[in-house]
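Following: one structure in structure tokens, then a few remarks.
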Amino acid sequence: MPLTPEVLSANSEVVARLGGFDISFAPDEEPWFSIDGVDSPRQIGSDGSGGAFVLLPSQNVLYVSSEGRAGIIAESFEAFIQLVVARPYWLDILKFSAGGDLQEMRRAADALEATLEDEDEVNEAREEIRGALDLPEPDDPVGALYDAVAASDAIVRATDGSPFTTLFNRFNIDNNPMLRNAAA
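Okay, so the sequence shown: first residue is 243 according to our numbering, each after it adds one.
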């Protein structure tokens, strides 16, 4: 049985563990964006920074940030959960992607993994979630994230009609002393 928002919501223990990865499966009450070609976006959750996760009719998962950036981040809901579990700092990987450079994203992922505050707790949560959902570990979560964002064709607009920009940001880990040191 494929992993869907409904299957996940039936497992409150896993939902609570995912909350530790800064994900809430409660959608926003008021729409603050629109998606060209999608009449009623199905928001499936949000994150602590005010961003929204949307399950598109294509079954891709779209992320809409509160800072005016948006893009598809996973090809399916299951791939989305795999990404969040494998790389809970996926948004920071995009922040330090040097404009969408896959090698920079891999460097950022390695540096971010090295800076996890409680690596044992995160790894325990990863194992528990994968076990409870019978979820395989993804082969290349950073590559899958890159592919999804690079191919993203969803046009998201703010309520004033202005389009959101890509999730790829211009920074690299060399712009951040903590990450630069972790990568060394």
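Don't be surprised by glycine CBs; every beta carbon is placed ideally from N, CA and C.
Task: Beta carbon of T357 nearer than 8 Å to that of A312 - done: no
Open item on the list: I want to know whether the segment 318 to 332 touches the segment 402 to 419 - three or more CB-CB distances under 8 Å.
Closed with: no
TODO: Taking only the alpha-carbon atoms, compute the straight-line gap between T246 and P269 and give it to the nearest angstrom.
DONE: 15 Å
Task: Simplified DSSP state of R412, which is helix, strand or coil - done: coil
Open item on the list: Would R348 and V303 qualify as a contact pair, given that the criterion is a beta-carbon distance under 8 Å?
Closed with: no
Task: C-alpha gap between E255 and E370, whole angstroms - done: 10 Å
Open item on the list: Between which residues of its own chain and P273 is the CB-CB distance below 6 Å, once the five residues before and five after are set aside?
Closed with: none
Task: Sheet register partners of V296 (DSSP bridge) - done: Q285 and L304
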